[in-house]
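Residue numbers (this note's numbering): 106 to 611. For glycine and all other residues, C-beta sits at the position ideal for the given N, C-alpha and C.
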């Protein structure tokens, strides 16, 4: 009975079509970015891996990166004060490769760019939530960077599939695959046929020599660029089409009782007080007091300043740990703040003592690149200690909010100072005035940039110079150095203003 009451199924009723989820939404701008990513990868590989030194080629790679960011995100690049500051910082650091030739600064600036460019790029992504002054920002943006590199790799292949009529799409894809296969087979078969027939080998000798000379490394660069392009485009795609940000877990700060920090800070305060008392005896007692102790004044003056800078770094780390993880209540917190203030004062006195001893050493031996950088490091550590003092007076304020801008401004400032010229001028003037009886010409020429040549030209070119290879003259070494500068300027990737000026020096 129940079977009779059932209605027959409708004839020809179509089942609902399954919903097609389009994984990658590719637009015309995405395809433009894919081509730009390929060009950027080729330029970066050509500049970083195949150039003997880094010059204007690396500058061009960084500028092209930001041009692609502007294409991808538009005005979002300028949406905040943080983004504008990092944009200026990174562009100036990139420009230093086209301006100077100091090998140490090249390496340090490259490391700085490898840190700052990802931080800036990921800060433009809508999925990042933490502000720049929070230490957890580093881990969040690091995760965003690697997620962007790998999570959208398939978008590059999706962008290669043209939209429109199916017939045109299949034809375009078939044409591209056919061209690639033809080039690959020709690269394999032409050398095989040349080895099989002497006449064919003679007929194609010039062609094969030309290709081997001009396109062997180009093919390797292009292959590396093809490998890296999907990852670079994946990052740009995720910046334009970010995933939904995950829930931001609340920060859980681990707090400790103040007794442990009081003991630690008190021990350091007593130790540095005793150390400073001994130091004051050496400073005010003079050479006679040191001679009575069996220590020469020069030996005492030229030791310890590098260690003092390291000790100050340790003190700063202990200060920040105490101010961050100590319970901010009761007598323990008051004692920690008092002892932390004393440690900051002692650390500043330690830095002043190190600077004084460094000055004594420089007055005898002159400046060097390392000594100038030590002066800069002392100044930066003093500023960081003052930032820690600001944190001590206002515990709720973030130390990083003051320290990060100080670090960026300090590194930008030292890049604007012609360090090698300052060192060379000091050394040459000391030699010409008779304060120094010798001059380390090999150090000024080989270990520093081309900026030293203008100062060394003030000396007599026939002056005898002893190097690892034997005796020669200053004029010969200067001519060799100018030839190296001309070699750098002959390749656009390694060109820089410092080498160009040195190459034109008569």
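What did DSSP end up calling residue 575 once you bin it into helix, strand or coil?
strand
Looking at residue 524 and residue 486, is the spacing between their C-beta atoms short of 9 Å?
no
Buried or exposed by the 16-neighbour rule on C-beta atoms within 10 Å, applied to residue 202:
buried
Just how far apart, CA to CA, sit residue 152 and residue 210?
17 Å
Per DSSP, which one or two residues make a beta bridge with residue 570?
577
If the criterion is Cβ atoms closer than 9 Å, does the pair residue 367 and residue 444 meet it?
yes
Residue 560 versus residue 534: straight-line alpha-carbon distance, rounded
9 Å
Excluding the 5 residues flanking residue 326 on each side, which residues of the same chain have their C-beta closer than 7 Å to its C-beta?
147, 150, 151, 155
Given 8 Å, three or more beta-carbon pairs between the stretch 190-200 and the stretch 216-230
yes
Which runs of the alpha helix (DSSP H) fall wholly inside the stretch 184-254 and span at least 4 residues, in chain order?
186-204, 208-228
Which of the three DSSP states, helix, strand or coil, is assigned to residue 415?
helix
DSSP on residue 270, reduced to helix/strand/coil?
Because the pLDDT of residue 270 is 49, which lies under 50, any placement of that residue in the model is unreliable, and the number read from its coordinates should be weighed accordingly. Coil, per DSSP.
Whose C-beta lies closer than 7 Å to the C-beta of residue 594 among residues of the same chain, with five residues either side of it excluded?
600, 604, 605, 608
Three-state secondary structure (DSSP) at residue 131?
coil
Proximity below 9 Å, CB of residue 597 to CB of residue 162:
yes
Nearest neighbour of residue 183, chosen from 164, 221, 228, 168 [CA to CA]:
228
Beta-carbon proximity list for residue 545, same chain, < 7 Å, skipping 5 on both sides
none
In its own chain, which residues sit with a C-beta less than 7 Å from the C-beta of residue 126, not counting the 5 before and 5 after it?
Residue placement at residue 126 is flagged as unreliable, the pLDDT there being 46, under the threshold of 50; a coordinate-derived value is accordingly withheld.
I need the straight-line Cα distance from residue 543 to residue 536, nearest angstrom please.
7 Å
With a CB to CB cut of under 8 Å and the five nearest residues on each side skipped, what residues in its chain are close to residue 371?
444
Between residue 554 and chain B, is the shortest Cβ-Cβ distance under 9 Å, so that the two count as touching?
Structure shown: chain B not included; a single protein chain is present.
Do you know how far the Cα of residue 575 is from the Cα of residue 532?
22 Å
Between the beta-carbon of residue 177 and the beta-carbon of residue 345, is there less than 9 Å?
yes
How big is the Cα-Cα spacing for residue 591 and residue 134?
41 Å
Given a threshold of 16 other Cβ atoms within 10 Å of its Cβ, counted over all protein chains shown, does residue 451 qualify as buried or as exposed?
buried
Assuming residue 363 and residue 481 form a contact by the criterion Cβ under 8 Å, report the distance between their Cβ atoms to the nearest whole angstrom.
That pair is no contact at about 36 Å.
Distance between residue 558 and residue 586 (C-alpha atoms, nearest Å):
8 Å
DSSP three-state assignment for residue 521, whether helix, strand or coil:
coil
Selection from 332, 553, 369, 180 that minimises the alpha carbon distance to residue 528:
553
What three-state label does DSSP hand residue 589 in the structure shown?
helix
Buried versus exposed call for residue 323 [16 or more other C-beta atoms within 10 Å across all chains shown]
exposed
Would you kindly check if the distance between the Cβ of residue 382 and the Cβ of residue 423 is under 9 Å?
no
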